[in-house]
Amino acid sequence: MKNIRPIRDEENEHMTDEVFEAYSDLVELGCPVKIWYQLDIEYQDYRGFFWLDAEEEGGEKWLDYWSNYSGSDKLNEILERANLWFEWQNSAVGCVYLM
Numbered sequence: 092m093k094n095i096r097p098i099r100d101e102e103n104e105h106m107t108d109e110v111f112e113a114y115s116d117l118v119e120l121g122c123p124v125k126i127w128y129q130l131d132i133e134y135q136d137y138r139g140f141f142w143l144d145a146e147e148e149g150g151e152k153w154l155d156y157w158s159n160y161s162g163s164d165k166l167n168e169i170l171e172r173a174n175l176w177f178e179w180q181n182s183a184v185g186c187v188y189l190m
């Protein structure tokens, strides 16, 4: 089942159009994406444009620290279209940044 495509609002206004498109595609496909409240790059807990919740139900098909460390092909395809990549913050959180 597909999720509802997000709309532009103040929670995602920090994203460029390309980043928002990738974020929206992932949401629509059911990838566990979240937006962290701290958007200042200088802040110690900055998580990029958005982050991937590897502990959410169904998240393991997108990324898993132990069995899918590099992320799924579909995840990487969508991120790369927007010149994005993710890195693990810890075993539960993958943060998404510009290349």
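For reference, each letter of the sequence shown is one residue, going 92 to 190 in my numbering.
Every residue, glycine too, gets a C-beta built ideally from N, C-alpha and C.
Since this is a predicted model, take the numbers as computed values, not measurements.
Residue from the options whose Cα sits closest to the Cα of residue i
i: F141; options: W153, E119, V184, G150; result: V184
i: L117; options: N181, E168, E178; result: E168
i: Y128; options: Y137, L170, G121; result: Y137
i: Q180; options: D108, L143, G121; result: L143
Proximity of residue i and residue j at Cβ, strictly below 8 angstroms
i: W176; j: Y188; result: yes
i: W153; j: G139; result: no
i: Y156; j: A173; result: no
i: I126; j: N103; result: yes
i: P123; j: E101; result: no
i: E112; j: R96; result: no
Residues that DSSP places opposite residue i in a beta bridge
i: L143; result: V124, G185
i: D155; result: N159
i: E178; result: C186
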